[in-house]
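K.L.:
This is the structure, below, for whatever I ask next.
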Amino acid sequence: MSSADSPRPARAITTGEFLADRHGKTFLDVLEDPAAPFDEVLAFFNDAFRQQRMEDAEIHHDRAPLAGVVRELEADSAIGGYFASVDRRRSTRLRQAIGVLVRLIMERRGWQTTGKKGSLGVRGPAGDSASPDHNTGGLALWFLRAERYRRSGGMPFRSTRDRCRELERVEAETPDTPVVSASTKRSPSPPPETPSEP
Numbered sequence: 001m002s003s004a005d006s007p008r009p010a011r012a013i014t015t016g017e018f019l020a021d022r023h024g025k026t027f028l029d030v031l032e033d034p035a036a037p038f039d040e041v042l043a044f045f046n047d048a049f050r051q052q053r054m055e056d057a058e059i060h061h062d063r064a065p066l067a068g069v070v071r072e073l074e075a076d077s078a079i080g081g082y083f084a085s086v087d088r089r090r091s092t093r094l095r096q097a098i099g100v101l102v103r104l105i106m107e108r109r110g111w112q113t114t115g116k117k118g119s120l121g122v123r124g125p126a127g128d129s130a131s132p133d134h135n136t137g138g139l140a141l142w143f144l145r146a147e148r149y150r151r152s153g154g155m156p157f158r159s160t161r162d163r164c165r166e167l168e169r170v171e172a173e174t175p176d177t178p179v180v181s182a183s184t185k186r187s188p189s190p191p192p193e194t195p196s197e198p
């Protein structure tokens, strides 16, 4: 049975747990913004199937967890509408709060941050601060980068880079075997002729 058929139970995060986090508590302004759809964001991410897709993004696609759900997130009318209608500062604050929420969920599911970020989009030319800043290409419209994670117990699959390095090491340690071309191979000798009887 695939993970899509039976996802692991959701690791739900409450508003109180978010504010109890050392970084989450710095986003009280987002929670107090009456226009910010933070309740919708919580409901979106507190879903077992979406959380499984976030893990699958790292395991199977070598992408940030947010990459597994970002298009569906931006397609939500309340969330996508907020990004499209508010100024740059408020838009950025909600995106940053979402990054904290993703971290809390991933940590509860046995993952830890790598200190690296993965690309989600290509930002367009900077406009004035009153206009929303969005991407002109890539996977997401509103998110430029997202945190990368690794499983605390180790990843189930090795990266392409590690596998490539191992292949190169094995090739370097394997002695060269002379190759005999087809033109230099000796043809088998024909069987001796049997003298005909008189």
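Counted the way the UniProt record's numbering counts, the sequence shown spans residues 1 to 198. Ideal Cβ positions, reconstructed from N, Cα and C, are used throughout, including at glycine.
#1: Taking all protein chains shown into account, decide if P9 is buried (16 or more other Cβ within 10 angstroms of its Cβ) or exposed.
#2: Rounded to the nearest angstrom, how far is the Cβ of D29 from that of R93, given a contact under 8 Å?
#3: Which word fits D87, buried or exposed, when buried means at least 16 other C-beta atoms lie within 10 angstroms of its C-beta?
#4: Whether or not the region 162–176 and the region 133–140 are in contact is what I'm after, with contact meaning three or more pairs of Cβ atoms, one per stretch, closer than 8 Å; do they touch?
#5: Under a Cβ-count criterion, where at least 16 other Cβ atoms within 10 Å of its own Cβ denotes burial, should F18 be classed as buried or exposed?
#6: For the putative contact between A64 and E147, defined by C-beta atoms under 8 Å, what is the C-beta separation to the nearest angstrom?
#7: Nearest-angstrom Cα distance between E173 and W111?
#8: Quick check: what's the CA-CA separation for I79 versus A36?
#9: Between which two residues does the alpha helix (DSSP H) holding V102 run?
P.N.:
According to the data block:
#1: Flag for P9 reads exposed.
#2: About 7 Å; that satisfies the 8 Å criterion.
#3: Under this definition D87 is an exposed residue.
#4: Contact fails between the region 133–140 and the region 162–176, because fewer than three Cβ pairs, one in each stretch, are under 8 Å apart.
#5: Buried, because 16 or more other Cβ atoms sit within 10 Å of the Cβ of F18.
#6: The Cβ separation is near 6 Å, so the contact holds.
#7: Straight-line Cα distance between these residues: approximately 36 Å.
#8: I79 and A36 have their C-alpha atoms some 8 Å from each other.
#9: Note, V102: alpha helix (DSSP H), 88–108.
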